[in-house]
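Student: Residues 34 to 196 in this note's numbering are what the sequence shown spells out, letter by letter. All C-beta atoms in this analysis are idealised placements derived from N, C-alpha and C, irrespective of residue type, glycine included.
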Amino acid sequence: MVRNRGEIGDRHFCPVEIGDSPLCPELLRKGWYIMSKYAWSNDYSVGNEILDQHHRNLIKLFNDAYETIKENKPFTETNKILSELTTYSIFHFYEEEKIMKNVGYAELENHKKQHSEFISKINEFKNNISAENSTLNEEIFLFLYNWLVNHICISDKKYVSVI
Ligand SMILES: [Fe+2]
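1) Taking the alpha helix (DSSP H) that W180 belongs to, which residues open and close that run?
2) Check for me: the alpha helix (DSSP H) holding D97 runs from which residue to which?
3) Between which residues of its own chain and L177 is the CB-CB distance below 7 Å, once the five residues before and five after are set aside?
4) Would you mind stating whether H144 and S188 have Cβ atoms separated by less than 8 Å?
5) Where does Y71 fall in DSSP's three states?
6) Starting from L78, trace the alpha helix (DSSP H) in both directions and tell me its first and last residue.
7) Out of T168, I102, N166, F151, which one is the CA nearest neighbour of N183?
8) Determine the extent of the alpha helix (DSSP H) in which K146 is found, giving its start and end residues.
9) Determine the direct distance from the alpha carbon of T109 to that of Y127, and round the result to whole angstroms.
10) Identify, in the order they occur along the chain, each residue of the same chain with its Cβ nearer than 8 Å to the Cβ of K134, setting aside the five sequence neighbours on each side.
11) Does the beta carbon of S13 fall short of 7 Å from some heavy atom of ligand 1?
Shown next as structure tokens:
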């Protein structure tokens, strides 16, 4: 549910409260940014308690990134969060891929590619972010949002029936 509206630069965003579903593709299509903390929803569950916990931890890191962006913290803080996100993602992806490999998941290679693209993108953000580059924060936020929607909620869901 949209509670308020505001602007970042010349773009609009619509903050929502914690607990609201972050899934709002209709607004995204209209160019609205969903500036919200992400909340875990059972809709994200992949039916494996360990992987669900990993995804909860990832969402927590997404929220930490959101806080640094929202509060305009120094870019060094955003960099620190992105480093933590990289470290944790590498661990999580390794564990997730191991489970998929053990069951002979047919989409494994394609899925691994998505994981490595995520790590590359986060590293790219980390390398490019600076005190002068303020629009990058918005780009990071949108990237994490899209990842949540497109990877955890769609790609990861595909292995639910086989693991
Ligand atoms: Fe995945």
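Tutor: Once the coordinates are examined:
1) Position 147 of the sequence shown, counted from the start, is the residue given in the question as residue 180. First-last of the alpha helix (DSSP H) with W180: 168-180.
2) Taking the sequence shown and counting its residues from 1, the one referred to as residue 97 is at position 64. Taken as a continuous stretch (DSSP letters only), the alpha helix (DSSP H) holding D97 covers 82-103.
3) Position 144 of the sequence shown holds residue 177. The residues are F95, A98.
4) For this step, residue 144 is matched to residue 111 along the sequence shown. For this step, residue 188 is matched to residue 155 along the sequence shown. The answer is yes: Cβ separation under 8 Å.
5) For the purposes of this step, residue 71 is identified with residue 38 of the sequence shown, where counting begins at 1. Of the three classes helix, strand and coil, the one that applies to Y71 here is coil, per DSSP.
6) Against the sequence shown, residue 78 aligns to sequence position 45. Checking the displayed sequence, the identity of residue 78 turns out to be Ser instead of Leu. From DSSP, S78 is part of no alpha helix (DSSP H); its letter is neither H nor E.
7) Along the sequence shown, read from residue 1 onward, the residue named residue 183 stands at position 150. Of T168, I102, N166, F151, the residue nearest in Cα terms is F151.
8) As a first step, residue 146 is located in the sequence shown; it is residue number 113 there, counting from the start. Where K146 is concerned, the enclosing alpha helix (DSSP H) stretches over 141-161.
9) For the purposes of this step, residue 127 is taken as residue 94 along the sequence shown, with counting starting at 1. For the purposes of this step, residue 109 is taken as residue 76 along the sequence shown, with counting starting at 1. Going by the C-alpha atoms only, they are around 27 Å apart.
10) On the sequence shown, position 101 is the one that residue 134 refers to. Excluding residues within five positions, the ones whose Cβ falls inside 8 Å are L141.
11) For residue 13 there is no data in the structure shown, the boundaries of the chain being 34 and 196.
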